[in-house]
Amino acid sequence: MTGCTALVLGSSRGIGAATARALGAQGHRVVLHGRAPGEELAALGRELAAPTVAFDLADEAAARRGVADAAAAHGLPRVVVYSAGVNRVVPFEDASGQDLAGAFGVNVGGAVWVLQHLLPKMAAQGGGAVVLVSSIRGVDATASDRTALYSMAKAALGNLTVSLAKRYAPTVRVNAVAPGFTRTDMVATWDEGAWRQARSNLLGRPAEPREIASAVAFLASDAAAHITGQTLVVDGGYGLSGK
Ligand SMILES: NC(=O)c1ccc[n+]([C@@H]2O[C@H](COP(=O)([O-])OP(=O)(O)OC[C@H]3O[C@@H](n4cnc5c(N)ncnc54)[C@H](OP(=O)(O)O)[C@@H]3O)[C@@H](O)[C@H]2O)c1
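Per my numbering, the very first residue in the sequence shown carries number 2; after that it's consecutive.
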């Protein structure tokens, strides 16, 4: 699969932006996405000569309308990457219904609205590949004691990966990548303890966004043609380090 339309949700910055660059380098026609139009998104659009779309994935109506408009304007994608996400630290004991809805809104709901629209059409079109960006926090052994709501949402994304891989086999492959600590704008929320954890994996450092992007691009490519329903952990061995 080269030269396909590749829609990357949440590609205005961070892991999504790095993934857009990686898919562009593989020859895909990338469609960039952010929550709202902005200079970062526009600058990446100029860099990659790629169209940009903007809609709020936490808003069901906006997400449904946005993905339909994006596919109508720029073509039905054969590759879909869902990298949009937020990680707000809310202590479990203090969490409200609004916090729970907030954790699931963009991290899970947006993926559901987008894939409900695209997957039947991708299957009818002859196939493709979906990669969901999860987190090590969604993997049981490395679920967080500080961000339980985020961990729950990312675990749901891993489960969705399996459900959709089964439902859309053999035409569309659906996989996930579970990054560990990665140096993006999300580091702005890291305190000293988080930085310590970020360096406590077997490789002794957090990942760079391009190191996650290369795993996403691999799963989206024909090199992964026999891989579906899997979550590939890219955490520098954090889950094995016993720290
Ligand atoms: N960085 C890490 O350490 C780490 C570790 C594990 C997993 N992850 C996961 O990796 C993914 C990417 O994270 P990142 O570190 O690259 O984050 P980031 O730099 O903060 O980028 C987040 C992206 O998601 C988009 N987004 C957020 N809320 C949105 C909404 N309501 N509607 C539409 N788009 C929205 C942002 O768009 P705008 O720019 O328009 O806001 C941006 O493009 C996330 O799913 C995150 O949970 C990150």
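Glycine is no exception: its CB is placed at the ideal position from the N, C-alpha and C atoms.
Is residue i near ligand 1, judged by its Cβ being under 7 Å from some heavy atom?
i	result
Val90	no
Phe219	no
Met187	yes
Pro136	Reading the sequence as shown, one finds Ser at residue 136 and not Pro. Yes, the beta carbon of Ser136 sits closer than 7 Å to at least one heavy atom of ligand 1.
Arg30	no
Glu40	no
Pro180	yes
Gly86	yes
Gly115	Looking at the sequence provided, one finds Val at residue 115 rather than Gly. Checking every heavy atom of ligand 1 against the Cβ of Val115, none is found closer than 7 Å.
Val132	no
Ile228	no
Ala21	no
Ser164	no
Thr183	yes
Gly17	yes
Ser13	yes
Asp70	no
For residue i, I'd like the list of residues in its chain whose CB is within less than 8 Å of its CB, leaving aside the five on either flank, ordered along the chain.
i	result
His118	Arg65, Val68, Ala69, Ala72
Asp141	Ala156
To the nearest angstrom, report how far apart residue i and residue j are at their CA atoms.
i	j	result
Thr20	Phe93	32 Å
Ile213	Met153	21 Å
Tyr169	Ala124	7 Å
Thr172	Ala130	9 Å
Leu120	Ala51	23 Å
Glu193	Gly39	31 Å
Ala62	Arg197	40 Å
Gln126	Trp191	43 Å
Gly76	Ala157	29 Å
Val217	Asp95	35 Å
Short of 6 Å in beta carbon distance, which residues of its chain neighbour residue i, apart from the five on each side in sequence? Order them along the chain.
i	result
His34	Leu10, Ser12, Val54
Arg36	Asp57
Apart from the five residues on each side of it in sequence, which residues of its chain come closer than 7 Å, Cβ to Cβ, to residue i?
i	result
Leu241	Leu203
Ala195	none
Phe219	Ala225
If I'm right that residue i touches residue j with Cβ under 8 Å, what's the distance once you round it to whole angstroms?
i	j	result
Thr3	Val32	Not really, about 16 Å apart at Cβ, beyond 8 Å.
Thr148	Asn108	Rounded, the Cβ-Cβ distance is 11 Å, inconsistent with contact.
Ala208	Arg184	7 Å
Leu233	Val188	Going by Cβ atoms, the distance from Leu233 to Val188 rounds to 22 Å, so no, they are not a contact pair.
Val1	Ala166	For the chain, the structure presents residues 2 to 244; residue 1 sits outside this window and is missing.
Gly181	Gly237	6 Å
Val1	Val132	There is no way to answer for residue 1, as the model of the chain reaches only from 2 to 244.
Gly17	Ser84	3 Å
Could you tell me which residues DSSP puts in a beta bridge with residue i?
i	result
Val68	DSSP lists no partner for Val68.
Thr6	Arg30
Gly129	Val173
Leu233	Val178
I want to check one thing, is the minimum distance from the CB of residue i to the heavy atoms of ligand 2 below 7 Å?
i	result
Asp146	As for ligand 2, it is missing from this structure, which binds only ligand 1.
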